[in-house]
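These protein sequence lines are chains Y and X, in that order. Those letters in the first sequence? Residues 1 to 404, per this note's numbering, in order. Those letters in the second sequence? Residues 1001 to 1404, per this note's numbering, in order.
Number of protein chains: 2
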Amino acid sequence: MAMDTRFPDAVVQVADTRIVFVVMDGVGGLPHADTGRTELESARTPHLDELARAAAIGLHRPVAVGITPGSGPAHLALFGYDPREWLIGRGVLSALGVGFPLRPGDLAARLNLATVDEAGNVTDRRAGRPSDEEGRRVVALLADSVATPEGLELHWRAEKEHRAVMILRGEGLSDALDDTDPQETGVPPHPVRALVPEAEPTARAVQEVLDRAREVLRQERPANALLARGFACFERYPSMRERFGISCLATARYPMYQGVGRLLGMDVAETPASDADAVRTVAARYEDADFHFLHFKYPDSRGEDGDFDAKVAAIETIDALVPELVALEPDVLVVTGDHSTPSRMRVHSWHPVPLLIASPFCRGGNTGGFGERDCLGGELGILAAADILPLALAHADRLEKYGA
Amino acid sequence: MAMDTRFPDAVVQVADTRIVFVVMDGVGGLPHADTGRTELESARTPHLDELARAAAIGLHRPVAVGITPGSGPAHLALFGYDPREWLIGRGVLSALGVGFPLRPGDLAARLNLATVDEAGNVTDRRAGRPSDEEGRRVVALLADSVATPEGLELHWRAEKEHRAVMILRGEGLSDALDDTDPQETGVPPHPVRALVPEAEPTARAVQEVLDRAREVLRQERPANALLARGFACFERYPSMRERFGISCLATARYPMYQGVGRLLGMDVAETPASDADAVRTVAARYEDADFHFLHFKYPDSRGEDGDFDAKVAAIETIDALVPELVALEPDVLVVTGDHSTPSRMRVHSWHPVPLLIASPFCRGGNTGGFGERDCLGGELGILAAADILPLALAHADRLEKYGA
């Protein structure tokens, strides 16, 4: 089984081994001004620290030096799909995340419910962060009331809070469209702009939908406008089983990450009710897959809130669950994040992300714990995120020797 | 002189400098369970340690993160031929290794003398590891008795112990053939399978040879079958002199490594009788080449034996020879391995390999010795094996400034 342009001749081999791959979303951080320690370094993580002392540790770069990744590309990279080769739009990831049955050629866009003032300028890009229920109500209104452009199908799905997805289905749709989200307040949403001449008809259709939506939402408050971004046409990806010969199960509480798993051919576990429930799911379904993707969202959420202490607490909550994963005795246990989300910045960042690969085949020798500075001295150095999966496969005896 | 796609515009320049490039085969390892120290870290290596304290040290990745290399690709990488660009089959390397005068288009395959039971299932992939003499006897029997397929030439060469090489010469041969070595016991050898339709005639010819060989060996014990792998047609490679402007001499005790040298246009010294003799050869012929490749096999052999202490001893034997190399006062002395062979794993592995480049132009500053963990903190970081040769050339003042 060929492994892609990354290793033209390397082949995966069958082995009776299991990999548990834990993503602590946004785990990487920056030092607290008072203590000089990052969120991960500040957290009491005795179990991760113990793992790290015997494991291979290092840092990974999600996409490239200095590049801040979105969640989609960052996860693709973790699963061995270099996002510079395997481009995928956020719209497609979101549509998959809400379980929409995309077909090749479908055009998906991610939507924010937003607030605009009487002049049409954006005053809140997230419409005051409505509850999930309120978000669903508004999206249902759009689904009921917005007329579909001629010759197309139009679908709406609520995602979470202010987030929604729009899908257009029809012949010849193009995703060469610029975002309408201006990424700032005080200005109006951008018009839908075609990035190539061939995308003009699609741009007109999408503009028509957004204009009608604006009419439908005129009396609503605070969600009286839509911002669209991440236009993307769906094309089928080769699955992780096809590329790496592993059956995979995704266990994640948020639709977005279930969607990433689905895109790569993973089975998706029933949505867990809590982080602890997610770990129980992995344990209960341990024999069902060679590769378990387990996603924890809160380090990222609390980082985006700018709440250093809450991010520390989110990390500590995950650490307390680590023994249950270790008890499964996976051949390889990977713990990392998809990207950094420093509380001080309140957004994703480009900073390399701590990484731990626990297996019997590590040099180890780290005398500290699991933190950004410990990882910097680790045997893995700073590597590309897309190299992690091959490395995990190697530790799981799932890669043949290259050449004789 | 162009240096390949790796450095599209870098040019080599003439200099009156010499590089001694020492390969301790399979030197990288994993920690001993009792001591936490690897084979290299456990070995008493005062001379390498002294070198390492003033040298530039680091680790190299033979092919790519997580990829375990065979000896051929690993050596190509060390000599600046990235094995992902410069693919070469083991058969060609083995044929060159036994000194067979390959011509472009020749098809070479590596053979194992093996044992099969009455049902035709492999019981020993190495026929009980016969002596070199016994191996030569069986191969001579094949050369005398196996009829040559019509329109082709057929050549047999013993390599070492159970290893041999088969060369077919003729028009239109293809190397798009799968191995017949099943890589496990209890199953029969695979039939010769063409990987593309154009290779069908070659597959039939090779199958004919193997079937006839089976008949010839029917009464032999334990070597009553052949397993073939690494089918490869020979094509001439640009030499190291062509690419890097250096005359090269290979000093190695095993044919395989002489073959790698020959493939890249190196002169090959008379086969040394011992490691000490190999060093004497380099000293005696020091003026004959700009670049001396000196190969030591035993760290790898003892690692593959799973004998930690014997691997330590093999490393110490080499260390004792280092002063004789230092006494030559090479402008650059490189010491590294082609890959790791942890005793605990008994096979090649993907782990980065310790590297030392001694020259007056190093930052140095290492206060430890020459070991995996010391190298991790070294000035070279973790680099690709194919970057070592350019780095050695740079230290030897053999690379022009890139751009004005």
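Where is the CB? At the ideal position from N, CA and C, for every residue including glycine. Remember, predicted model here, so these are calculated numbers, not experimental data.
Taking its Cβ as the centre, do 16 or more other Cβ atoms sit within 10 Å of residue i, making it buried, or is it exposed?
| i | result |
| --- | --- |
| Asp1132 (chain X) | exposed |
| Val20 (chain Y) | buried |
| Glu150 (chain Y) | exposed |
| Gln1258 (chain X) | buried |
| Ser145 (chain Y) | exposed |
| Asp290 (chain Y) | buried |
| Ser359 (chain Y) | buried |
| Leu87 (chain Y) | exposed |
| Phe1361 (chain X) | exposed |
| Ile1067 (chain X) | buried |
| Arg1229 (chain X) | buried |
| Tyr402 (chain Y) | buried |
| Ala1284 (chain X) | exposed |
| Ser71 (chain Y) | buried |
| Ala140 (chain Y) | exposed |
According to DSSP, is residue i helix, strand or coil?
| i | result |
| --- | --- |
| Phe946 (chain X) | Nothing in the structure corresponds to residue 946 (chain X), since chain X is present only between 1001 and 1404. |
| Met1426 (chain X) | Residue 1426 (chain X) lies beyond the range of chain X shown here (1001 to 1404); nothing can be said about it. |
| Arg1174 (chain X) | The sequence shown places Ser at residue 1174 (chain X), rather than the Arg named in the question. Here Ser1174 (chain X) sits in coil by DSSP. |
| Tyr402 (chain Y) | strand |
| Glu161 (chain Y) | coil |
| Phe1296 (chain X) | strand |
| Asp1307 (chain X) | coil |
| Val138 (chain Y) | helix |
| Arg1280 (chain X) | helix |
| Gly261 (chain Y) | helix |
| Ala1148 (chain X) | Per the sequence shown, residue 1148 (chain X) should be read as Thr rather than Ala. Reduced to three states, the DSSP call for Thr1148 (chain X) is coil. |
| Glu1153 (chain X) | strand |
| Cys362 (chain Y) | coil |
| Pro1323 (chain X) | helix |
| Ile357 (chain Y) | strand |
| Ser959 (chain X) | With chain X covering only 1001 through 1404, there is no way to say anything about residue 959 (chain X). |
| Ala1194 (chain X) | strand |
| His1060 (chain X) | strand |
Are residue i and residue j closer than 8 Å when you measure CB to CB?
| i | j | result |
| --- | --- | --- |
| Leu177 (chain Y) | Thr202 (chain Y) | yes |
| Leu355 (chain Y) | His75 (chain Y) | no |
| Glu97 (chain Y) | Pro323 (chain Y) | One point to set straight first is that residue 97 (chain Y) is Gly, not Glu, in the sequence displayed. It is not a contact, given that the beta carbons lie outside the stated cut-off. |
| Phe234 (chain Y) | Gly105 (chain Y) | yes |
| Asp1319 (chain X) | Leu1078 (chain X) | no |
| Ser1349 (chain X) | Thr1336 (chain X) | no |
| Val353 (chain Y) | Pro62 (chain Y) | yes |
| Pro299 (chain Y) | Asp34 (chain Y) | no |
| Asp1181 (chain X) | Asn1224 (chain X) | no |
| Phe244 (chain Y) | His155 (chain Y) | no |
| Arg110 (chain Y) | Arg90 (chain Y) | yes |
| Ser343 (chain Y) | Gly29 (chain Y) | yes |
At the level of alpha carbons, what is the spacing between residue i and residue j?
| i | j | result |
| --- | --- | --- |
| Phe1296 (chain X) | Ala1250 (chain X) | 11 Å |
| Arg163 (chain Y) | Ala269 (chain Y) | 22 Å |
| Ser94 (chain Y) | Ile167 (chain Y) | 10 Å |
| Val138 (chain Y) | Tyr237 (chain Y) | 32 Å |
| Val196 (chain Y) | Leu173 (chain Y) | 12 Å |
| Glu976 (chain X) | Ala1194 (chain X) | There is no way to answer for residue 976 (chain X), as the model of chain X reaches only from 1001 to 1404. |
| Gly1377 (chain X) | Glu200 (chain Y) | 55 Å |
| Glu134 (chain Y) | Ala143 (chain Y) | 14 Å |
| Thr1185 (chain X) | His395 (chain Y) | 24 Å |
| Ile1315 (chain X) | Gly1058 (chain X) | 18 Å |
| Glu409 (chain Y) | Ala114 (chain Y) | With chain Y covering only 1 through 404, there is no way to say anything about residue 409 (chain Y). |
| Val1165 (chain X) | Val326 (chain Y) | 47 Å |
| Pro69 (chain Y) | Ala1064 (chain X) | 23 Å |
| Asp309 (chain Y) | Ala127 (chain Y) | 26 Å |
| Ala213 (chain Y) | Glu198 (chain Y) | 25 Å |
| His1032 (chain X) | Gly306 (chain Y) | 45 Å |
Run down chain C in chain order and give the residues with a C-beta less than 8 Å from the C-beta of residue i.
| i | result |
| --- | --- |
| Arg363 (chain Y) | Protein chains Y and X are contained in the structure displayed, whereas chain C is not. |
Quick one: measure Cβ to Cβ for residue i and residue j, integer angstroms, because I've assumed they're closer than 8 Å.
| i | j | result |
| --- | --- | --- |
| Glu1372 (chain X) | Arg363 (chain Y) | 6 Å |
| Pro1390 (chain X) | Leu1399 (chain X) | 7 Å |
| Val1187 (chain X) | Val1206 (chain X) | Actually they do not touch by this definition, with Cβ atoms about 19 Å apart. |
| Asp948 (chain X) | Pro1222 (chain X) | Nothing can be reported for residue 948 (chain X), as the shown portion of chain X is limited to 1001 through 1404. |
| Asp374 (chain Y) | Gly368 (chain Y) | 4 Å |
| Ser247 (chain Y) | Leu264 (chain Y) | About 12 Å; that fails the 8 Å criterion. |
| Val1022 (chain X) | Val1334 (chain X) | 6 Å |
| Arg1253 (chain X) | Ala1278 (chain X) | 6 Å |
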